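Numbered continuously in UniProt numbering, the sequence shown closes out at residue 405. All residues carry an ideal CB built from backbone N, CA and C; glycine is no exception. Fair warning: this is a prediction, and the values are worked out from it, not measured in the lab. So the structure is just underneath, and the comments pick up after that.
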Amino acid sequence: MTDKNKTLGTDKDTSPPASSIDKEPIAVSSTTAKKSFNASTSSGKASSCSASKSTKPTQTEKHIGNKLTTVALILAIMLNVGLYYYNYQHSKQYSGEIFALTTQVEALKTTLTDNKQQNQNALQSVTQNTQVLINQQNQTILSLQFALADMQGRQPNDWLLAEAEHLVNQAGHQLWLLHDVLTAIILMETADQRIATLNDPSLTSIRQAITKDIMQLKTVKHIDRDGIVLRLNSLQQEVDKLPLINMPKAAAVGLQTVSTDVNDWAQNFKISINNFVSQFITYHKRDGNIVPLLTSAQTFYLQENLKTKLDQAITAVYRENSHLYSESINTAKAWVERFYNQDIKLTAAFLTTLTHLGEQTISVNYPKVLHSQKMISEILADRLRRYLPPLPAENSSTETQLTEE
Numbered sequence: 001m002t003d004k005n006k007t008l009g010t011d012k013d014t015s016p017p018a019s020s021i022d023k024e025p026i027a028v029s030s031t032t033a034k035k036s037f038n039a040s041t042s043s044g045k046a047s048s049c050s051a052s053k054s055t056k057p058t059q060t061e062k063h064i065g066n067k068l069t070t071v072a073l074i075l076a077i078m079l080n081v082g083l084y085y086y087n088y089q090h091s092k093q094y095s096g097e098i099f100a101l102t103t104q105v106e107a108l109k110t111t112l113t114d115n116k117q118q119n120q121n122a123l124q125s126v127t128q129n130t131q132v133l134i135n136q137q138n139q140t141i142l143s144l145q146f147a148l149a150d151m152q153g154r155q156p157n158d159w160l161l162a163e164a165e166h167l168v169n170q171a172g173h174q175l176w177l178l179h180d181v182l183t184a185i186i187l188m189e190t191a192d193q194r195i196a197t198l199n200d201p202s203l204t205s206i207r208q209a210i211t212k213d214i215m216q217l218k219t220v221k222h223i224d225r226d227g228i229v230l231r232l233n234s235l236q237q238e239v240d241k242l243p244l245i246n247m248p249k250a251a252a253v254g255l256q257t258v259s260t261d262v263n264d265w266a267q268n269f270k271i272s273i274n275n276f277v278s279q280f281i282t283y284h285k286r287d288g289n290i291v292p293l294l295t296s297a298q299t300f301y302l303q304e305n306l307k308t309k310l311d312q313a314i315t316a317v318y319r320e321n322s323h324l325y326s327e328s329i330n331t332a333k334a335w336v337e338r339f340y341n342q343d344i345k346l347t348a349a350f351l352t353t354l355t356h357l358g359e360q361t362i363s364v365n366y367p368k369v370l371h372s373q374k375m376i377s378e379i380l381a382d383r384l385r386r387y388l389p390p391l392p393a394e395n396s397s398t399e400t401q402l403t404e405e
């Protein structure tokens, strides 16, 4: 009985380590659990088979159980560390992927915003271009309607009024572009006659304006530009004929003749010597400023320069440049007085003509506006506008819709 109790006591003593190991809250692997179970089973079998064993084997088994527990703890810790490291690496990888995806999403948002802005700009540009085309079409339609109303001639008197407007416009063209005052006056008088034939009291204000413009044009000083230019051209043709200042010709000296008598040899010899000396050496007296003689090349250049100055004067006449005109005439006159013989009638007449031309006035102050031109255009446009039908309402509604968009 005692042995049995001891055996049972031994069994009771050896069972708690196994139960403590089984009840340990630490997570271990299946291999470790099997080892601990086998160890507890073998220890139980050994205790039941041999009752004579002492407390020393029990302590050994307990020591082995502690080692297994330690190993299990170490394995559990290593497993937890491995799981943590694995989760950390995957979390880091996922964070990078999430960041990349976020960046791509932001880039896509930016691209979508840019595309939206470009589409809005393109739409706005198309809208503006469409509006411009619509306006151009409306202007074309309006112009065609004006032309149609003008061609229909619902009132024959409007043809005369349009002709008067054309004559007034032509008068302005002749006045400001061609500076032809006489032609402008004739055109204005013709326009007044066209309006007078209408016998329309409502056009009296236009006739008064035309009369005022005609009186203003008649006060403009008339300049015979064609006459001035023709005289300058004639002077150019006379330049080559002007005589230069040269040395005066020596007076013809009669030579003594020798006699045929041999006895007069001494007298004949003296006469021959005198004739030879008189022809070999000559001298002349000359009063006035000394002017060097010109070579043929210098004479050619002088003539061409003189013609150029006259050309400049002609250009100044058409441009109404008084300064250039006076300078050209004075320079040409100074050259003629210096290099040409003034004792000749041709040179004197040339200088007289230059002096007369230099006294001419070539610049004129022209009226800046013709008051009748604006009045007749407004009245004619107003009459034509009465014949025009209003524009279709569809065009205005389309313009309103495009403006709102």
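Item to check | Inter-residue CB distance, M375 and I214 (contact presumed, cutoff 8 Å) | outcome: In fact, because the Cβ distance is near 14 Å, the residues do not count as touching under 8 Å.
Checklist entry - Thinking just about the alpha-carbon of each residue, which of L160, K221, I210 and T140 is nearest to the one in H179? => result K221
Next on the checklist: Can you confirm whether the stretch 166–182 touches the stretch 354–374 when touching is taken to mean that 3 or more C-beta pairs between the two stretches lie within less than 8 Å?
Outcome noted: yes
Checklist entry - Should A202 go down as buried or exposed, given a rule of 16 or more other Cβ atoms within 10 Å for buried? => result Correcting the residue type first, residue 202 is Ser in the shown sequence and not Ala. Exposed, since its Cβ has fewer than 16 Cβ neighbours within 10 Å.
Checklist entry - Taking Cβ positions, are Q312 and S322 nearer each other than 9 Å? => result no
Next on the checklist: In whole angstroms, give me the CA-to-CA distance for N308 and I344.
Outcome noted: Looking at the sequence shown, residue 308 is not Asn but Thr. Their backbone Cα atoms lie some 23 Å apart in a straight line.
Checklist entry - Of the residues L294, N80, I379 and N305, which one's Cα is nearest the Cα of T204? => result I379
Next on the checklist: Suppose you measure from the CA of I210 to the CA of T197; what does that come to, to the nearest Å?
Outcome noted: 15 Å
Checklist entry - How is the alpha helix (DSSP H) around L232 delimited, first residue to last? => result R225 to E238
Item to check | Where L112 falls, given that 16 or more other Cβ within 10 Å makes a residue buried | outcome: exposed
Item to check | Rounded straight-line distance, which links the Cα of N330 to that of G358 | outcome: 7 Å
Checklist entry - Which word fits S372, buried or exposed, when buried means at least 16 other C-beta atoms lie within 10 angstroms of its C-beta? => result buried
Next on the checklist: Taking only three categories from DSSP, how would you classify Y366?
Outcome noted: coil
Checklist entry - Does DSSP classify L144 as helix, strand or coil? => result helix
Checklist entry - According to the neighbour-count rule (16 or more other Cβ atoms, all chains shown, within 10 Å of its Cβ), is I273 buried or exposed? => result exposed
Next on the checklist: Tell me the DSSP secondary structure of L242 in three-state form.
Outcome noted: coil
Next on the checklist: Considering only their Cβ atoms, is the gap separating V239 from L187 smaller than 9 Å?
Outcome noted: no
Checklist entry - First and last residue of the alpha helix (DSSP H) that includes K218? => result T204 to K218
Checklist entry - Given residue 409, which residues of its chain have a CB within under 7 Å of its CB, disregarding the five upstream and five downstream residues? => result With the chain covering only 1 through 405, there is no way to say anything about residue 409.
Checklist entry - Short check: CB of A184 to CB of A164, under 9 Å? => result no
Checklist entry - Roughly how many angstroms separate the alpha carbons of T102 and I77, rounded to a whole number? => result 36 Å
Checklist entry - Short check: CB of Y318 to CB of V181, under 9 Å? => result no
Next on the checklist: Please classify I141 as buried or exposed, where buried requires at least 16 neighbouring CB atoms within 10 angstroms.
Outcome noted: exposed
Checklist entry - My guess is that L351 and K333 are in contact by the Cβ rule of under 8 Å, so how many angstroms apart are they, rounded? => result 6 Å
Checklist entry - So the alpha helix (DSSP H) residue 444 belongs to, where does it begin and stop? => result Since the first and last residues shown for the chain are 1 and 405, residue 444 lies out of range.
Checklist entry - In chain order, what residues of the same chain lie with their CB nearer than 6 Å to the CB of R385, ignoring the 5 residues before and after it? => result none
Next on the checklist: In whole angstroms, give me the CA-to-CA distance for N119 and T127.
Outcome noted: 12 Å
Next on the checklist: Using only the alpha-carbon positions, how far apart do Q216 and F339 sit?
Outcome noted: 47 Å
Checklist entry - CA-CA distance, D200 and A316? => result 46 Å
Checklist entry - If you count every other CB in all the chains shown that lies within 10 Å of the CB of A171, and 16 or more means buried, which is it? => result buried
Checklist entry - Hey, out of E189, I98, N66 and L108, whose CA is closest to K218's CA? => result E189
Checklist entry - Which one or two residues does DSSP pair with Y325 in a beta bridge? => result Its beta-bridge partners do not exist; DSSP assigns none.
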